[in-house]
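A short worksheet on the structure shown next.
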Amino acid sequence: RILILDFGSQVTQLIARRVREAHVYCEIHPCDVSDAFVREFAPKGVILSGSHMSAWEESTDRAPQAVFELGVPVLGICYGMQTMAQQLGGRVESGQHREFGYAEVRAHGHTRLLEGIEDFRTPEGHGMLKVWMSHGDKVVEMPPGFRLMASTPSCPMAGMADESRGFYAVQFHPEVTHTVQGKRLLSRFVLDICGCRADWVMGNYIDEAVARIREQVGDQEVILGLSGGVDSSVAGALIHKAIGDQLTCVFVDTGLLRLNEGAQVVETFQAHMGMKLIHVDATRRFMDALAGESDPEAKRKIIGREFVHVFQEEAGRLPRAKWLAQGTIYPDVIESAGAKTGKAKTIKSHHNVGGLPDTLHLQLLEPLRELFKDEVRELGVALGLPREMVYRHPFPGPGLGVRILGEVKAEYADLLRQADAIFIEELRNTKGPDGHSWYDLTSQAFAVFLPVKSVGVMGDGRTYEWVVALRAVQTQDFMTAHWAHLPHELLGRVSNRIINEVRGINRVVYDVSGKPPATIEWE
Ligand code: XMP
4 RILILDFGSQ VTQLIARRVR EAHVYCEIHP CDVSDAFVRE FAPKGVILSG SHMSAWEEST
64 DRAPQAVFEL GVPVLGICYG MQTMAQQLGG RVESGQHREF GYAEVRAHGH TRLLEGIEDF
124 RTPEGHGMLK VWMSHGDKVV EMPPGFRLMA STPSCPMAGM ADESRGFYAV QFHPEVTHTV
184 QGKRLLSRFV LDICGCRADW VMGNYIDEAV ARIREQVGDQ EVILGLSGGV DSSVAGALIH
244 KAIGDQLTCV FVDTGLLRLN EGAQVVETFQ AHMGMKLIHV DATRRFMDAL AGESDPEAKR
304 KIIGREFVHV FQEEAGRLPR AKWLAQGTIY PDVIESAGAK TGKAKTIKSH HNVGGLPDTL
364 HLQLLEPLRE LFKDEVRELG VALGLPREMV YRHPFPGPGL GVRILGEVKA EYADLLRQAD
424 AIFIEELRNT KGPDGHSWYD LTSQAFAVFL PVKSVGVMGD GRTYEWVVAL RAVQTQDFMT
484 AHWAHLPHEL LGRVSNRIIN EVRGINRVVY DVSGKPPATI EWE
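In this text, residue positions in the sequence shown follow UniProt numbering: the first is 4, and each later residue adds one.
Here is the structure:
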């Protein structure tokens with residue numbers, strides 16, 4: 004197994020992810036663990052991470068000296084390279100110029116780490132790597148025994164190696180995808196240089212996580228807010244596997260969920276998985292609280308607040324619960340870190356159901372904190388959750404509350420649910436060009452209720468009814484998105500069905516706006 008020592012970089016988890024992708028087990032621990040801890044861990048290799056952007060200049064954090072005395076390979080990344088240089092007798096200076104972003108690095112010598120790994124060659128025949136750099140300080144003198152492994156014009160020592168001891172260091176970040184060959188480089192390190200076997204799979208992760216949860220929780224009770232979304236569902240299934248009936252899930256029906264969602268959650272978790280589930284129908288309460296409010300942000304706040312109240316009431320009935328479980332995943336961790344430094348601007352205050360205040364006096368249990376969405380999905384399938392649930396499009400915390408424009412009314416929610424279900428059913432049943440369904444070919448698709456009436460004609464009569472907009476987007480990260488080019492026949496069928504089957508809607512429109520400038524949701 005590989006030991007990753009974390010010096011506080013925001014991308015340390017990505018190192019772990021790349022190592023896991025090479026099917027090698029790894030653990031991340033803080034950089035200030037003791038020498039004894041490192042020896043006892045007995046890693047087959049150690050990776051020293053970068054440091055937090057604003058901290059590296061002042062940081063005096065050092066790796067435990069034992070790391071360099073174990074006789075196993077060590078890879079230093081960014082700050083990890085600098086501390087390695089300093090601890091082994093080299094010298095680091097703070098740079099005049101900070102270097103951020105794309106860089107082309109020239110490889111020197113023939114090191115095992117970079118052998119045969121390159122993106123292109125210069126006319127002079129130098130092997131070059133396209134990488135992502137972020138540093139202010141740099142190594143200016145290598146420690147004894149080291150040779151130059153990589154350089155850029157502004158960072159003459161961008162990589163160094165002492166192959167006799169298996170010590171390697173790079174100033175750039177191989178863990179981020181912008182470093183084209185980064186994944187290969189890290190897998191070369193853990194497999195070929197450290198000699199780890201590629202035998203780690205998601206099934207192992209379940210065993211490890213189960214053991215960790217049992218150790219953390221002991222015989223205490225845990226409460227989880229289950230939303231029916233992927234993250235809380237997988238967290239629930241995992242914790243249930245670990246501690247069974249010590250877990251109670253609370254599912255709050257806000258009245259703003261999709262068609263039959265409540266019934267499905269009960270069916271899956273209570274009937275199928277045998278979990279303890281409290282199903283709270285709080286529709287009335289949410290509708291009353293939302294009455295008269297049409298501002299999107301105010302609606303989000305009301306929904307968030309009511310959710311917390313309902314959840315707190317239920318938690319109050321479970322006095323033995325000492326833990327609050329949440330389906331926080333790694334991108335949430337990064338996002339809230341960004342929010343804390345004030346870098347992220349609030350476009351929409353993303354209220355996630357399950358984001359609860361600490362007035363509950365419960366300890367937090369977040370077993371998915373280290374995982375990325377696709378890993379969470381893989382884990383969900385391995386835990387026996389229905390594929391359809393695990394690969395469902397994301398659904399916002401405030402639910403239909405932000406898909407009914409303006410004031411929310413129960414009557415609108417009922418119409419929207421039916422229209423939305425028809426759209427989703429047709430997307431699932433219609434195959435796209437490569438044989439996948441249009442549901443799988445889109446990242447998110449839904450109907451939006453527009454509180455305007457338009458004139459129509461049905462049979463011999465004039466109608467004057469509501470409008471529904473269809474939205475379907477394709478995106479990698481939900482930060483930018485393209486509207487999906489759905490076939491006209493599919494759109495026509497959906498429109499016909501909605502207008503014929505949903506009494507009260509006589510017009511359907513399709514949203515052809517990209518993000519930016521539009522957002523994915525309409526509010
Ligand atoms: P936008 O509309 O900002 O959406 O382009 C990007 C992604 O975020 C989801 N979204 C939310 N999720 N609470 C959530 O939990 C919210 O208030 C919220 N608003 C938007 C949206 O569904 C899309 O996936």
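The C-beta atom is built at its ideal place from N, Cα and C for all residues, glycine as well.
Asked: Distance cut-off 7 angstroms: Val405 Cβ against heavy atoms of the ligand XMP; Found: yes
Asked: Segment contact, 8 angstroms Cβ cut-off, at least three pairs: the region 378-393 with the region 198-207; Found: yes
Asked: Buried or exposed by the 16-neighbour rule on C-beta atoms within 10 Å, applied to Thr180; Found: exposed
Asked: Cβ shell of Ser297 (< 6 angstroms), same chain only, five flanking positions each side left out; Found: Gly409, Glu410
Asked: Own chain, CB closer than 6 angstroms to Glu264, minus 5 neighbours either side, in chain order; Found: Gly231
Asked: Run of the alpha helix (DSSP H) containing Asp38, from where it starts to where it stops; Found: 38-44
Asked: Nearest candidate by alpha-carbon position, reference Val470, set Ser190, Thr63, Leu17, Ile501; Found: Ile501
Asked: Buried versus exposed, by CB contacts within 10 Å (16 or more), Val455; Found: exposed
Asked: Cβ pair residue 2, Thr271 closer than 8 angstroms; Found: Given that the chain is displayed from residue 4 to residue 526, the structure contains no residue 2 and the question cannot be resolved.
Asked: When Gln329, Ile226, Glu107, Ile306 are compared against Val405, the one with the closest alpha-carbon; Found: Ile306
Asked: Beta-carbon proximity of Ala292 to Glu309, cut-off 8 angstroms; Found: yes
Asked: Inter-residue Cα distance where the pair is Val36 and Val143; Found: 28 angstroms
Asked: Contact check, His129 vs Arg115, beta carbons under 8 angstroms; Found: no
Asked: Opening and closing residue of the beta strand (DSSP E) in which Val255 lies; Found: 250-256
Asked: For Pro299, the nearest candidate out of Pro389, Glu178, Leu403 (CA to CA); Found: Leu403
Asked: Whether Ile407 touches Ala416 by CB criterion (8 angstroms); Found: yes
Asked: Gln315 (DSSP reduced to helix, strand or coil); Found: helix
Asked: Residue range of the beta strand (DSSP E) that includes Tyr28; Found: From DSSP, Tyr28 is part of no beta strand (DSSP E); its letter is neither H nor E.
Asked: Identified DSSP bridge partners for His282; Found: Phe254
Asked: Close-in-space but distant-in-sequence residues of the same chain around Tyr171 (CB under 6 angstroms, 5 per side omitted); Found: Leu78, Leu116, Ala164
Asked: Trp135 versus Glu178, Glu121, Arg150, Val95, residue with shortest Cα-Cα distance; Found: Glu178
Asked: Residues near Lys434 in its chain [Cβ-Cβ closer than 8 angstroms; skip 5 each side]; Found: Ser440, Trp441
Asked: Pair within 8 angstroms by beta-carbon distance, Gln90 and Phe71; Found: yes
Asked: Gly104 versus Asp195 - alpha carbon distance; Found: 28 angstroms
Asked: Under the three-state DSSP convention, the category Ile508 falls into; Found: strand
Asked: Contact belief for Ser52 with Leu6 at Cβ below 8 angstroms, rounded distance in angstroms; Found: Going by Cβ atoms, the distance from Ser52 to Leu6 rounds to 11 angstroms, so no, they are not a contact pair.
Asked: Unbroken alpha helix (DSSP H) run spanning Trp441, endpoints; Found: 441-444
Asked: For Glu96, three-class secondary structure by DSSP; Found: strand
Asked: Contact test: Lys376 Cβ vs the ligand XMP heavy atom, cutoff 7 angstroms; Found: no
Asked: Which of helix, strand or coil DSSP assigns to Gln273; Found: helix
Asked: Segment limits, alpha helix (DSSP H) that includes Thr466; Found: Counting along the chain, Thr466 falls outside any alpha helix (DSSP H), though it belongs to the beta strand (DSSP E) covering 464-477.
Asked: Residue range of the unbroken alpha helix (DSSP H) whose run includes Leu418; Found: 413-432
Asked: Segment limits, beta strand (DSSP E) that includes Val515; Found: Segment: none, Val515 is in no beta strand (DSSP E) and carries neither H nor E.
Asked: Which of helix, strand or coil DSSP assigns to Gly265; Found: helix
Asked: Whole-angstrom distance between Pro519 and Ala19, CA atom to CA atom; Found: 32 angstroms
Asked: Coil, strand or helix - Ala214 by DSSP; Found: helix
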